[in-house]
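Number of protein chains: 2
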Amino acid sequence: MGKEAKSLNEQINDEDSQLVAKYISIIYRSMNCLLDRELMVYDIDRGQFPFLIPLYRREGISQKELCQFYNMDKAAAVRALNKLEGKGYVMRKKDPEDKRQHQIYLTKKAKEFKPQLFEIIKFTENRMLENINEEEVGQLKNTLKKISSNLGVKKRGNDNEK
Amino acid sequence: MGKEAKSLNEQINDEDSQLVAKYISIIYRSMNCLLDRELMVYDIDRGQFPFLIPLYRREGISQKELCQFYNMDKAAAVRALNKLEGKGYVMRKKDPEDKRQHQIYLTKKAKEFKPQLFEIIKFTENRMLENINEEEVGQLKNTLKKISSNLGVKKRGNDNEK
DNA sequence: CTAAAATAGTTGACAAGTCAACTAAATGCG
DNA sequence: CGCATTTAGTTGACTTGTCAACTATTTTAG
C-alpha cells in the first residue's frame, strides 16, 4: 500500500459523503473532544456545564425547564444535576408551591466559575467557526434552527401529544 | 403551570441560546432518536449502519479507513464491526499483504439490506431538511464542511503529528 | 540485520444520553 | 369529595463513543 495518500473521503465523493447527518455527527464528536480537553483542568465535565448556562440567566428554574432548553431527556438532567450538586455548583430546593418540582440555584462556586466557563465556550465556538465570516455564521445558525425545529419535540418518553 | 406558554428559550434569548454548539448537540441527539425509531424494526442499530455506507462503495477497506471516514475512534469501529459481523452483515479477512489489517467485506444480507437502509437515510435527511431550499442546503453543507475541517484531525489517541 | 518506532486492531474503564418503569405530588372529573 | 390522569423527578438497563494501555505486526535507522 505504498502511496495511498488520498483518503476514503477523497476517493469516495458522492452524496453519501455529503450527508448533513454525517457532518453533524462528526462535528458533535470532535466538538466534545475539544471541550473535554478544555475542561480537563476544571472540576466539571462536558455533560454538566451546559445546565449552568440557563441558570446564569435565571435561577430557580426546574429540571423540566432545563431539559426543554436542550431538548434533552429528563434522566440526563437528573444525572448531570446530581453531579453538579455533588461538586458544589448547584443546590436543589423543593418548590413550595408544587412539591414535585425542584428549584435550582447556583452556588458561589458556580458564580465564580462563570468567567472561565464563558471563556471556554467562546474559545470553542471560535475554534469551530475559524475562517467563516459573520454573515455565513448567521445563515448557519438560521438553518440549524430550522433543522432543530424540524426534528423537535417528537420525543416518545417525555411529552407526547395530549 | 396555568399559562406558562413561553418556553425558557423564548424568555432567555441571548447569545448563549444561539450557540452553534448548542444547535449541533440538539440536532445530533434528536436525529439519533429519529434513527432509532426508524431502525427499530431492523436487525441493526444506529451505531452500526454508518460503517456499511463506505463499504457499499468499496469493499475490502480496513477499520482504519472506516474510522477516517467518520473521524471516529478505532475502538468504536472495532465494536460496531463486531456487532455487524455477529449479525451477519460483514466478514473480516486478514489482509495478506499486511497481517495487522483487516479487509472488510459485505455479506449477502448487507447487500440485500441496502435499499431499505438508503430509504431510511433519505427519509431522515429529508425530515431534517424539510422546508429548507436547495440553495440553503448547499450553503449549509459547505459551512459544516468547514467546521469539520476546523475541528478535524486533532485527536489525541489516534494519529498525532509526526 | 536487528533494535526501536510506528501502525492496526483489541480491550477495559468510563461518561453521556435514551427509554421504560417507577414514585409522589397535583390536577381534573364523576 | 375521591378516584383517575397527568406531571416532575428518579432509577435501572442499555447503547455510543472516548481514552489509555496493550498485542502483534510492519517499517525505519543504525
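Protein chains in written order, with this note's numbering: chain A, 104 to 265; chain B, 104 to 265. We put the beta carbon where it would ideally sit given N, CA and C, even for glycine.
Worksheet entry | Extent of the continuous beta strand (DSSP E) to which Arg-195/A belongs | 193-197
Practice prompt. Measure from the C-beta of Gly-255/A to each C-beta in chain B and report whether the shortest distance is under 8 Å.
Written response: yes
Discussion item. Assuming Ile-164/B is part of the alpha helix (DSSP H), what are its boundary residues?
Written reply: Unbroken run through Ile-164/B: none, as it is neither H nor E.
Fill in: 3-residue-minimum beta strand (DSSP E) runs that sit fully inside the region 204-246 of chain B, ordered along the chain
205-209
Worksheet item: Within the 8 Å Cβ cut-off, does Tyr-126/B reach chain A?
Response: yes
Discussion item. When you compare the CB of Asn-234/A with every CB in chain B, is at least one pair closer than 8 Å?
Written reply: yes
Item to complete: Would you tell me roughly how many angstroms separate the C-alpha atoms of Pro-199/B and His-205/B, rounded to the nearest one?
Response: 9 Å
Worksheet item: Does Lys-202/A get closer than 8 Å to chain B when you measure Cβ to Cβ?
Response: no
Worksheet item: So, are the CB atoms of Val-240/A and Leu-232/B less than 8 Å apart?
Response: no
Discussion item. Counting only Cβ pairs nearer than 7 Å, list the residues of chain B close to Tyr-131/A.
Written reply: Ile-127, Ser-128 and Tyr-131
Item to complete: Would you tell me roughly how many angstroms separate the C-alpha atoms of Tyr-202/A and Ile-164/A, rounded to the nearest one?
Response: Looking at the sequence shown, residue 202/A is not Tyr but Lys. Cα-Cα distance, rounded: 14 Å.
Worksheet item: Tell me which same chain residues have a C-beta within less than 7 Å of the C-beta of Ala-183/A, skipping the five on either side of it?
Response: Gly-150, Gln-151 and Phe-154
Practice prompt. Select from the region 178-194 of chain B all residues with a C-beta closer than 7 Å to any C-beta belonging to chain A, and list them in chain order.
Written response: Within the region 178-194 of chain B, no residue has its Cβ closer than 7 Å to any Cβ of chain A.
Item to complete: Pick helix, strand or coil for Met-134/A, following the three-state DSSP scheme.
Response: helix
Practice prompt. Using 10 angstroms around the beta-carbon of Pro-218/A, count the other beta-carbons present and answer buried if the total reaches 16, otherwise exposed.
Written response: exposed
Fill in: 8 Å Cβ cutoff, Gly-105/A in contact with chain B
Reliability fails at Gly-105/A, whose pLDDT of 35 lies under 50, so the model's placement of it is uncertain and the value that follows must be treated cautiously. Output row for Gly-105/A: interface = no.
Worksheet item: Leu-243/B and Leu-243/A look like a contact to me (Cβ under 8 Å); what is the Cβ gap, rounded to whole Å?
Response: 7 Å
Worksheet item: Do the CB positions of Val-181/B and Gln-171/B come within less than 8 Å of each other?
Response: For Val-181/B and Gln-171/B, no; Cβs fall outside 8 Å.
Worksheet item: Gly-150/B by DSSP, collapsed to three states: which one?
Response: DSSP places Gly-150/B in coil when its eight states are reduced to three.
Worksheet item: For the region 202-234 of chain B, which residues have a CB atom closer than 9 Å to at least one CB atom of chain A, in sequence order?
Response: So the list reads Gln-204, Phe-221, Ile-224, Thr-227, Glu-228, Arg-230, Met-231, Leu-232, Glu-233 and Asn-234, given in the order they occur along the chain.
Worksheet item: When you compare only the Cα positions, how much space is there between Ile-235/B and Lys-197/A?
Response: 43 Å
Worksheet item: Contact check, Leu-247/A vs Ile-130/B under 8 Å by CB: the rounded distance?
Response: 7 Å
Worksheet item: Looking only at C-alpha atoms, which of Thr-210/B, Ser-251/B and Tyr-159/B sits nearest to Arg-230/A?
Response: If we check each option's Cα against that of Arg-230/A, Ser-251/B comes out closest.
Discussion item. Would you say Leu-247/B lies against chain A (beta-carbon separation less than 8 Å)?
Written reply: yes
Worksheet item: Out of curiosity, what's the CA-to-CA distance linking Val-193/A and Tyr-145/B?
Response: For Val-193/A and Tyr-145/B, the distance between alpha carbons rounds to 42 Å.
Discussion item. Using 8 Å as the threshold, is the C-beta distance between Glu-162/B and Leu-220/B below it?
Written reply: no
Item to complete: Tell me whether Ala-178/B is buried or exposed, calling it buried when 16 or more other Cβ atoms sit within 10 Å of its Cβ.
Response: exposed
Practice prompt. Excluding the 5 residues preceding and the 5 following Thr-227/A in the sequence, name in chain order all residues of the same chain whose CB lies nearer than 8 Å to its CB.
Written response: Met-134, Leu-137, Leu-138 and Glu-141
Worksheet item: Mind checking if Asp-148/B is an interface residue toward chain A, Cβ cutoff 8 Å exclusive?
Response: no
Worksheet item: Taking the alpha-carbon positions, what's the Gly-191/A to Asp-176/B distance?
Response: Whole-angstrom Cα-Cα distance: 33 Å.
Worksheet entry | Backbone CA spacing between Glu-222/A and Asn-185/B [nearest angstrom] | 41 Å
Practice prompt. Could you tell me the distance, in whole angstroms, from the CA atom of Ser-128/A to the CA atom of Ile-127/B?
Written response: 8 Å
Worksheet item: For Gln-121/A, which option in Asp-117/B, Arg-132/B and Ile-156/B has the closest C-alpha, if you only look at C-alpha atoms?
Response: Ile-156/B
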